[in-house]
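Participant: Got a structure for you, written out below as structure tokens; questions coming shortly.
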Amino acid sequence: DDYVYEIEIKTKSINLQKKKIEISKVELKNGSLKRVDFLEYLVKLASSEIELLESIINIGMIERNLEILTNIPFGEIQYVCENKK
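Here my numbering is used: position 70 in the sequence shown is 71, and no number is missing along the way.
Below is the structure:
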């Protein structure tokens, strides 16, 4: 659940950053924002997207390790967890 929550938070943060970039594009055109500041926002967004992808990959690796340790066929752990509910 913590990993799912982490991914949800990171996704929401990325969506907010994208909205900020859209606003910043207007500010850049108006001259009220420096190009370097706009580029910093883009770099921050890219870093956040990389962090999100790393979190998603980590969940996949954890699931895979659990399947190996418990002798559950690959890709089946989600169904085992659903049947327990």
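All residues carry an ideal CB built from backbone N, CA and C; glycine is no exception.
Keep in mind that this is a model prediction, so the values were computed, not measured.
1. Suppose you measure from the CA of Tyr42 to the CA of Cys82; what does that come to, to the nearest Å?
2. Does the region 19–30 touch the region 60–74, meaning 3 or more C-beta pairs lie closer than 8 Å?
3. Compare the beta carbon distance of Phe39 and Ser56 with 7 Å and say whether it is the shorter of the two.
4. Go ahead and label Gln18 buried or exposed: buried means 16 or more other beta carbons lie within 10 angstroms of its beta carbon, across all protein chains shown.
Facilitator: On the basis of the coordinates in this document:
1. For Tyr42 and Cys82, the distance between alpha carbons rounds to 40 Å.
2. In this structure the region 60–74 does not touch the region 19–30; the number of beta carbon pairs closer than 8 Å is below three.
3. In this structure, Phe39 lies away from Ser56, with their beta-carbon atoms at least 7 Å apart.
4. Within 10 angstroms of the beta-carbon of Gln18 lie 16 or more other beta-carbons, which makes it buried.
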